[in-house]
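**Student:** If you read the protein sequences in the order shown, they are chains L and S. Residue 748 in my numbering is what sits at position 217 of the first sequence, and the numbering runs on without skipping anything. Residue 66 in my numbering is what sits at position 63 of the second sequence, and the numbering runs on without skipping anything. Backbone N, C-alpha and C fix where the C-beta goes; we use that ideal spot for every residue, glycine too. Since we're looking at a predicted model, the values are computed, not measured.
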Amino acid sequence: MRRPSLRVLSITTIAAFCVSLSLVFFYAPIEAEEGFLQKIFYLHVPLAIVTLCGFVIGGLCAIAHLRTRDQRWDLRSYVAIHMSLIFGVAVLITGSIWARGSWGHWWVWSEPTLVSFLIIMLLYATYQPLRFAIEDPERQARYASVFAITAGAFVPMNFLAVRLSASYLHPRVLGSSSNLPASMGFTFLVSLVAIALLFATLCSYELAAKRTRILLKARSRILGYQS
Amino acid sequence: MLRALLRKELLVELRTLESIPGMSLFAVTTFVVFHFALNQDTVSGQEAAGILWVTLLFAAMLGINRLFVADADQGGFDGFLLAPVERTALLIAKATALLAYLLVLELIAVPAFGLLLLGPPLGQALPGLLAPLALGDIGVAAIGTLVAALAVRTRARDLLGPLLALPLLVPIVIGCARASAPLLYATRPGGPPLRWLGTLALYDLVFGLIAYAVFDFLLED
Chain L
532 MRRPSLRVLS
542 ITTIAAFCVS
552 LSLVFFYAPI
562 EAEEGFLQKI
572 FYLHVPLAIV
582 TLCGFVIGGL
592 CAIAHLRTRD
602 QRWDLRSYVA
612 IHMSLIFGVA
622 VLITGSIWAR
632 GSWGHWWVWS
642 EPTLVSFLII
652 MLLYATYQPL
662 RFAIEDPERQ
672 ARYASVFAIT
682 AGAFVPMNFL
692 AVRLSASYLH
702 PRVLGSSSNL
712 PASMGFTFLV
722 SLVAIALLFA
732 TLCSYELAAK
742 RTRILLKARS
752 RILGYQS
Chain S
4 MLRALLRKEL
14 LVELRTLESI
24 PGMSLFAVTT
34 FVVFHFALNQ
44 DTVSGQEAAG
54 ILWVTLLFAA
64 MLGINRLFVA
74 DADQGGFDGF
84 LLAPVERTAL
94 LIAKATALLA
104 YLLVLELIAV
114 PAFGLLLLGP
124 PLGQALPGLL
134 APLALGDIGV
144 AAIGTLVAAL
154 AVRTRARDLL
164 GPLLALPLLV
174 PIVIGCARAS
184 APLLYATRPG
194 GPPLRWLGTL
204 ALYDLVFGLI
214 AYAVFDFLLE
224 D
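1. Pick from Leu153(S), Ala159(S), Gln127(S): whose alpha carbon is nearest that of Ala189(S)?
2. Considering only residues of the region 580 to 668 of chain L, which uninterrupted beta strand (DSSP E) runs meet the minimum length of 3 residues and lie entirely inside it, listed in chain order?
3. Arg603(L) CB to nearest chain S CB: under 8 Å?
4. At the 8 Å Cβ level, is Pro668(L) part of the contact set with chain S, yes or no?
5. Alpha helix (DSSP H) containing Ser183(S): first to last residue?
6. What number of angstroms, rounded off, separates the C-alpha of Val686(L) from the C-alpha of Thr657(L)?
7. Which one of Met64(S), Leu41(S), Phe83(S) has the shortest CA to CA distance from Glu223(S)?
8. If you run the structure through DSSP and keep just helix, strand and coil, what is Leu121(S)?
9. In angstroms with no decimal places, state the Cα-to-Cα distance between Ser22(S) and Arg6(S).
10. Would the region 562 to 575 of chain L and the region 624 to 635 of chain L be scored as touching if the rule is three or more Cβ pairs under 8 Å?
11. For the alpha helix (DSSP H) containing Asp277(S), name the first residue and the last one.
12. Using DSSP's beta-bridge definition, name the partner residues of Gly566(L).
13. Going along the chain, which residues of the region 640 to 670 of chain L sit with their C-beta nearer than 7 Å to a C-beta in chain S?
14. How would you write the range of the alpha helix (DSSP H) that Ala204(S) sits in, first residue to last?
15. Which of the residues in the region 97 to 112 of chain S, read from start to end, lie with their CB under 9 Å from any CB of chain B?
16. Rounded to whole angstroms, what's the CA-CA distance from Pro185(S) to Glu564(L)? Just pull it up for me.
17. Helix or strand or just coil, what does DSSP make of Val15(S)?
18. Suppose the cutoff is 7 Å on Cβ atoms and the five residues either side in sequence are ignored; what does the same chain contact list for Arg160(S) look like?
19. Only counting the same chain, and skipping five residues up and downstream in sequence, which positions put a Cβ closer than 7 Å to that of Ala52(S)?
20. Within 10 angstroms of the Cβ of Met614(L), are there 16 or more other Cβ atoms? Answer buried if so, exposed if not.
21. Identify every residue that forms a DSSP beta bridge with Val46(S).
22. For Ser553(L), which of Lys748(L), Ala725(L), Ala621(L) has the nearest alpha-carbon?
Below is the structure:
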């Protein structure tokens with residue numbers, strides 16, 4: 532059951548990436564002020580949106596885990612947060628490159644979105660140390676879920692606080708996507724879909740690998756008892 | 004029930020004096036360290052607000068780290084779980100005790116700050132400082148209790164407590180430092196901006212509710 536869906540997901544992701552990259556490079560117009568550098572917008576912003584959604588999804592899976600006590604929800608929560616952390620590093624790197632190109636500095640403190648993103652990454656960086664500092668697997672899952680819920684709620688709150696504290700320098704991508712030219716908006720949406728598909732595919736692969744490992748462990752335990 | 008738990012917390016602290024003296028001493032020492040590190044006799048404005056809040060935050064961290072240690076090591080959790088009471092009672096009692104520690108800490112640290120480092124007289128800023136101090140304390144108490152309970156039964160609890168708490172407390176530092184900065188200018192001090200007090204109150208409320216919602220799950224075994 533699982534293998535065909537993984538294959539379908541992978542092929543869809545590759546196709547979506549081909550479409551989105553060709554749109555980015557051949558269809559979307561070169562932006563007047565920033566020139567070619569603005570193309571990183573189609574990578575950076577979808578990555579950031581997917582990362583933040585991944586963190587929130589991790590929190591929602593954690594709520595499901597605490598409600599149902601089904602370990603599979605904890606596994607999903609773990610995988611979503613783990614993958615978001617990897618995507619988050621990419622967001623920080625692409626964001627830094629963009630900031631360097633358009634404002635001349637690798638890091639800009641007056642830029643609320645970048646700063647709040649860093650704080651969120653610093654918080655989630657403690658997810659795995661916390662998780663693996665607990666030995667009992669049941670308690671580990673429970674504590675990790677409590678963390679995931681707290682941190683998931685922290686994501687929007689932190690954005691609110693940091694945005695209030697800084698001036699508005701960042702291009703207001705989310706609020707102002709309506710006044711993007713239609714071709715740019717379309718390219719952006721396709722890129723967002725491609726990145727979201729990539730996230731889903733990588734999560735499914737990690738989930739499949741983790742499930743297989745759990746299965747193998749169980750099997751080898753049974754075999755070990757028999758011999 | 005709540006009163007009994009709170010009484011136990013405060014009694015244990017009064018008899019052992021494990022947290023409050025250490026926190027206060029740490030705060031005063033940190034002011035001295037800031038004096039030498041910045042090589043300044045007096046500070047004012049945003050700088051003063053920053054020093055005050057960083058010091059209070061790190062001093063609070065000492066209390067947060069110790070908050071559940073005795074319960075985890077000496078069977079306090081087991082005793083509590085055997086009693087037929089709501090588990091959230093422990094959260095509220097611990098958070099109230101932490102709030103009390105923070106109030107005592109500030110009774111010592113804020114005058115010491117005025118004496119040692121603050122340029123403009125403390126008296127004119129003090130009435131306005133009460134609101135950010137109170138809102139900051141409530142937030143630190145709610146988040147600190149939750150984080151302390153999360154970290155206390157892990158292998159590296161002394162390390163994980165501050166690592167978990169600091170990012171979660173960043174919005175409180177932003178709010179408190181911005182709200183108290185206008186009060187600490189030598190010339191024409193202003194009132195605390197209401198925008199920041201509102202943000203702080205909202206943050207306290209949200210994290211108070213989250214702590215209330217998830218605390219039960221930390222106390223199941």
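**Tutor:** On the basis of the coordinates in this document:
1. Of Leu153(S), Ala159(S), Gln127(S), the residue nearest in Cα terms is Gln127(S).
2. none
3. No, because no Cβ of chain S sits closer than 8 Å to the Cβ of Arg603(L).
4. For Pro668(L), the answer is no, since every Cβ of chain S falls outside 8 Å of its Cβ.
5. 160 to 183
6. Answer to the nearest angstrom: the Cα atoms are 15 Å apart.
7. Cα-wise, what sits closest to Glu223(S) is Phe83(S).
8. strand
9. Distance between the alpha carbons of Ser22(S) and Arg6(S) is about 20 Å.
10. yes
11. The displayed coordinates of chain S run from 4 to 224. Any statement about residue 277(S) would go beyond what the structure contains.
12. DSSP lists Glu562(L) as partners of Gly566(L).
13. Ile650, Leu653, Leu654, Thr657, Pro660, Leu661, Ala664, Ile665, Arg670
14. DSSP places Ala204(S) inside the alpha helix (DSSP H), whose first and last residues are 197 to 217.
15. Within the model displayed, chain B is absent; protein chains L and S are what it includes.
16. 38 Å
17. helix
18. Ala154
19. Ala180, Ser183, Ala184, Leu187
20. buried
21. According to DSSP, Val46(S) bridges with Leu121(S).
22. Ala725(L)
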